[in-house]
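This report refers to the structure that appears directly beneath it.
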Amino acid sequence: MSGSTITPWVVGNWKMNPMQADAQQLIQNFKGLLDITPIESAKCHIGVAPVTLALTTVQSVLSDSNREIYTVAQDVSRIAGTGAYTGEVSAELLKDSQIDYVLVGHSERREIFGETAQILNEKIKNALNAGLTVIYCVGESLEQRESGQAEQVVLQQICDIATVVEAEQWHNIVIAYEPIWAIGTGKTASPDDAQTMHAQIREGLSQITAYGKSMAILYGGSVKPENAVELAACSDINGALVGGASLNAESFHKIALAFANTK
Ligand code: PGA
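Here you go:
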């Protein structure tokens with residue numbers, strides 16, 4: 001037991017996977033596993049982030065679940081409301097479809113799609129103003145870690161959003177620390193290294209917001225059933241953002257179980 005009073009979060013980031021029929025099967029399988037081995041909502045928040053096209057399908061499969069499972073959007077527009085913005089999905093449109101959670105700042109969005117701190121701030125501001133909860137991802141590259149800049153980079157990413165998040169809105173932010181070199185590589189930060197960074201993030205948050213001590217800070221980067229228990233045992237790791245392993249219902253269920261039982 002880590003002794004933390006923060007309810008853990010386990011969120012599956014499906015990224016640009018899978019096809020509709022497989023997405024439906026995946027969520028059905030996961031729901032089936034929860035029927036056999038339930039995980040109390042009070043012990044772990046659980047969410048899945050499918051592609052935009054599958055959000056409502058997944059949501060409808062989950063509508064008769066025995067427990068709440070959040071449907072999380074992987075992205076949101078930097079533009080609010082509705083209007084002539086081809087290809088965009090705004091925070092208000094997500095909310096209108098009962099989507100209450102969104103990922104912002106994932107390193108794939110920052111690196112592949114060129115999302116700068118300014119763009120991310122626009123997204124976060126819109127999402128929070130529309131009443132969404134934001135899972136804000138931060139993390140350093142291998143080069144930054146090897147040159148001793150990891151902490152500075154990550155804390156800067158936290159400070160970046162402080163200009164747009166209003167005092168009470170910190171309550172609606174979950175942080176996900178995902179070292180870029182650990183994403184999809186099979187390399188996980190050691191529990192000690194992850195805990196050290198999480199403690200620094202918590203310290204940084206505590207200087208910015210009164211909610212800092214109670215905010216969930218998730219770890220992401222090659223989380224799997226084999227390493228979930230030792231990560232969950234770290235006092236400042238309050239859950240996981242899971243990519244590859246969330247595409248397998250059994251693995252994802254085991255990870256959620258590990259956090260629910262270890263915390
Ligand atoms: P991974 O991805 O678990 O496949 O490393 C994590 C993420 O990118 O959120």
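According to full-length UniProt numbering, the sequence shown holds residues 1 to 263 in order.
Backbone N, C-alpha and C define an ideal beta-carbon position, used for all residues, glycine too.
For clarity, every value in this text was computed on a predicted model and none was experimentally measured.
query	result
Where W181 sits in the DSSP three-state scheme	helix
Start-to-end residues for the beta strand (DSSP E) that takes in C137	133-138
Straight-line Cα distance separating G105 from K254	26 Å
Coil, strand or helix - K15 by DSSP	coil
Cβ of V10 within 7 Å of any chain B Cβ	No chain B appears in the structure shown, which is made up of a single protein chain.
Start-to-end residues for the beta strand (DSSP E) that takes in I217	217-220
Helix, strand or coil at M1 according to DSSP, with G and I counted as helix	Low confidence applies to M1: its pLDDT is 46, below 50, so where it sits in the model is not reliable enough to give any reading.
Bridge partners - H45, DSSP secondary structure assignment	W9
beta-carbon G81 near the ligand PGA non-hydrogen atom, thresh 6 Å	no
Opposing strand residues paired with A240 [DSSP bridges]	V10, Y219
K213 burial status per 10 Å Cβ neighbour count (16 or more: buried)	exposed
Segments of 4+ residues assigned as alpha helix (DSSP H) that fall wholly inside the segment 16-80	20-36, 55-62
Nonlocal neighbours in the same chain, by C-beta distance under 6 Å from W170, ignoring five residues either side	T209, Y211
Residues sharing a beta bridge with A176, DSSP	C137, L218
Pairwise C-alpha distance: G148 and D100	37 Å
Cut-off 6 Å between Cβ atoms - residues of its own chain near I46, not counting five sequence neighbours on either side	V10, I69, A256
CA-to-CA distance, E140 to S41, given in whole angstroms	32 Å
Endpoints, the alpha helix (DSSP H) within which V153 is located	150-161
Terminal residues of the alpha helix (DSSP H) in which V229 lies	225-232
Rounded C-alpha distance that separates V76 from K123	6 Å
Counted within 10 angstroms of its Cβ, other Cβ atoms place L53 as buried (16 or more) or exposed	exposed
Exposure label - E92; buried when at least 16 CB within 10 Å	buried
Cβ shell of Y85 (< 7 Å), same chain only, five flanking positions each side left out	S77, I79
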